[in-house]
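When you line the sequence shown up against our numbering, it's residues 125 to 477, in that order.
Even for Gly, the Cβ is constructed at its ideal location relative to N, Cα and C.
Since the structure comes first, as structure tokens, the remarks are kept for the end.
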Amino acid sequence: MDFILFTGRYNSLTTQELASRLPEAKSLYPHVYSFSAPNEKKAISMVSFLGTSIKLAIKLETTDLSVESLASLIDTKIFSITNLKGSIDNNLYFEIKRSLTGHIRFVKSRQYFGLSPVILQKKKVTELFLDTPNSNVYRTVWSHSYHDWIDKDRKLPFVDPKSGMMPPKIARSLINLTPYQGKPQDLTFLDPFCGSGRLVVEACQLGFTVMASDIVQEKIDHTQGNLKALGFQADIFLADATHLSGKLDKKIDLIVTEPHMGKVDLRPDRIKYVVPGLKKLYLGVLKDWLKILKPGGLITMIFPVLSDDSRTYTTSKIIDDDHLSGYNIKTRGLIYSRPQAKLKREIVILEKK
Ligand SMILES: C[S@@+](CC[C@H](N)C(=O)[O-])C[C@H]1O[C@@H](n2cnc3c(N)ncnc32)[C@H](O)[C@@H]1O
Numbered sequence: 125m126d127f128i129l130f131t132g133r134y135n136s137l138t139t140q141e142l143a144s145r146l147p148e149a150k151s152l153y154p155h156v157y158s159f160s161a162p163n164e165k166k167a168i169s170m171v172s173f174l175g176t177s178i179k180l181a182i183k184l185e186t187t188d189l190s191v192e193s194l195a196s197l198i199d200t201k202i203f204s205i206t207n208l209k210g211s212i213d214n215n216l217y218f219e220i221k222r223s224l225t226g227h228i229r230f231v232k233s234r235q236y237f238g239l240s241p242v243i244l245q246k247k248k249v250t251e252l253f254l255d256t257p258n259s260n261v262y263r264t265v266w267s268h269s270y271h272d273w274i275d276k277d278r279k280l281p282f283v284d285p286k287s288g289m290m291p292p293k294i295a296r297s298l299i300n301l302t303p304y305q306g307k308p309q310d311l312t313f314l315d316p317f318c319g320s321g322r323l324v325v326e327a328c329q330l331g332f333t334v335m336a337s338d339i340v341q342e343k344i345d346h347t348q349g350n351l352k353a354l355g356f357q358a359d360i361f362l363a364d365a366t367h368l369s370g371k372l373d374k375k376i377d378l379i380v381t382e383p384h385m386g387k388v389d390l391r392p393d394r395i396k397y398v399v400p401g402l403k404k405l406y407l408g409v410l411k412d413w414l415k416i417l418k419p420g421g422l423i424t425m426i427f428p429v430l431s432d433d434s435r436t437y438t439t440s441k442i443i444d445d446d447h448l449s450g451y452n453i454k455t456r457g458l459i460y461s462r463p464q465a466k467l468k469r470e471i472v473i474l475e476k477k
């Protein structure tokens, strides 16, 4: 069976997340990917854990895009049709409505992914997508749990704007793009700069055995409080990320982390003084983590790219240091930044040899 996945327009990690977790997905249109699965249930399980997923639609057997044929697909009192490429002629809606009996309503969509998941989860709607150039019709079978994502973003008891708060969907994608093998249930995850625990929450929800640490007790309390509010459990402890090896008695499969990156509102004239300290911290942690990772263990780490008036500082350069020759560099130079963000983030993926 064939499916299309609609991905988030503002999730800049879509390509990397799909490359790791759904490599068979092919780009069909912007933010729309096609893939095959043996059945609907399997297809939903393949996409519902991705941070980038918005909606899933199944390809129907018909290739007839006539009014009669489309009308025969509508089995609810409300329907909506979106064209994957271009817009829908208003007449099509009216003609379909006219050919159906009973009190049938249509709702026009204004977004590339059709109606909002909020509407779909409240009302019974037949939502169709037309791929006119290929004469295909798709029907929505799943949409992301909008309320859950919003609640994780806005309603966690402990938030910390001063340390920067990673949006939950980005945190989820960042974990997923880490090219780990096997099931999360069999792997140990660690975030050694856990802050208020945005990555930790997502790792718990994905089913990893989760460990997390931070150098500030208040952050530990915040992460614990946030996990408790969501009903998750993790091993959370106070530690300096440069000295973790003395504290752990088990080896780690993957580390995903957004480390300390300087003050959120760092003044440009301070950057040149802050960068050497950040580089020293990153070199220190990566040296130490060689001792706690399993062979083949992975690190996905964010490095700040800072610019003042005269130059740009790429803090990730430290991964070329001889002390870190125990790692294979799997990915570097993958830049992502939130809209309007002054600070650019570079994603680096390392594998312990
Ligand atoms: C950018 S924040 C992490 C934010 C986190 N990703 C989130 O979304 O909640 C960085 C964290 O690193 C912690 N930190 C700074 N230096 C550290 C060190 N040497 N060892 C461990 N944690 C450290 C800070 O207390 C802060 O909570």
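Taking a cut-off of 8 Å on C-beta distances, the region 397–414 touches the region 438–447, as three or more cross pairs fall below it. The nearest non-hydrogen atom of ligand 1 is 7 Å or more from the C-beta of R278. Secondary structure remark: continuous beta strand (DSSP E) runs of at least 3 residues inside the region 253–328, in chain order: 260–267, 312–315. Residue burial is scored here from C-beta neighbours: L254 has at least 16 other C-beta atoms within 10 angstroms and is therefore classed as buried.
Spanning the alpha carbons of P419 and K454 requires a straight line of approximately 14 Å. Secondary structure note for K166: it is in no beta strand (DSSP E), and the uninterrupted alpha helix (DSSP H) holding it is 164–171. Residue burial is scored here from C-beta neighbours: E192 has fewer than 16 other C-beta atoms within 10 angstroms and is therefore classed as exposed. Contact annotation: the region 192–206 does not touch the region 282–298, with fewer than three C-beta pairs closer than 8 Å. Taken in chain order, the complete alpha helix (DSSP H) segments of 4 or more residues contained in the region 133–192 are 138–145, 164–171. Closest in alpha carbon position to V334, among V472, F218, Q309, Y406, is Q309. In the three-state reduction of the DSSP assignment, S449 falls in the coil class, being assigned neither a helical nor a strand state.
Residue pairing from DSSP places L430 in a beta bridge opposite Y437. For S434, the closest of I395, Y460, N452 by C-alpha to C-alpha distance is I395. For K468, the pairing in a beta bridge is given by DSSP as V429. Contact between Q140 and L323 does not hold, since the beta-carbon distance rounds to 16 Å and is not under 8 Å. Taking one beta carbon from each stretch, the region 235–248 and the region 209–225 have fewer than 3 pairs nearer than 8 Å; the two do not touch. Per DSSP, reduced to three states, the secondary structure at Y236 is coil, with no helix or strand assignment.
Classified as buried, V261 has 16 or more neighbouring CB atoms from the shown chains inside 10 Å of its CB.
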